[in-house]
Amino acid sequence: MAIISRWFISAATRLASDPRVRTKAAEVFEKEVKPRATETWRKTKPKLEATRDELTQMARESDAMKNPGAFAARVKKRYIDRDDKT
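Listed below in structure tokens is the structure:
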């Protein structure tokens, strides 16, 4: 197994140092990966912000610092138990 591992590391090192491979990798990143990631972030960001705001409100209402168990129960009921039903 160590021989195969060393072979893969050696091959990866050679590929990483090849200017043609580096150029192609940069091109694929700029043309395919980055636009998809940007679009996904654009769609996901509002949902993450809404969830953050909801968790902040739950923490205020249940006084999470004094009663973390109640806060955890609310989070579990809202986010975890909901997923079990779908």
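Residue numbers for the sequence shown follow my numbering, beginning at 2 and rising by one. Backbone N, C-alpha and C fix where the C-beta goes; we use that ideal spot for every residue, glycine too. No experiment lies behind these values; they were computed from the predicted model shown.
**OP:** Could you check if Phe72 is buried or exposed, using at least 16 other CB atoms within 10 Å of its CB as the buried criterion?
**Re:** buried
**OP:** Please report how far the alpha carbon of Ile81 lies from the alpha carbon of Ala26, in whole angstroms.
**Re:** 39 Å
Original post:
Whose CA, out of Arg37, Leu16, Val76, lies closest to the CA of Thr96?
Top reply: Past the boundaries of the shown model lies residue 96; the chain is included only from 2 to 87, so the question cannot be answered.
Subject >> Other residues of its chain near Ser63: CB distance less than 6 Å, five sequence neighbours each side excluded >> reply: Ala71, Phe72, Arg75
Original post:
Between which two residues does the alpha helix (DSSP H) containing Val29 stretch?
Top reply: 20-29
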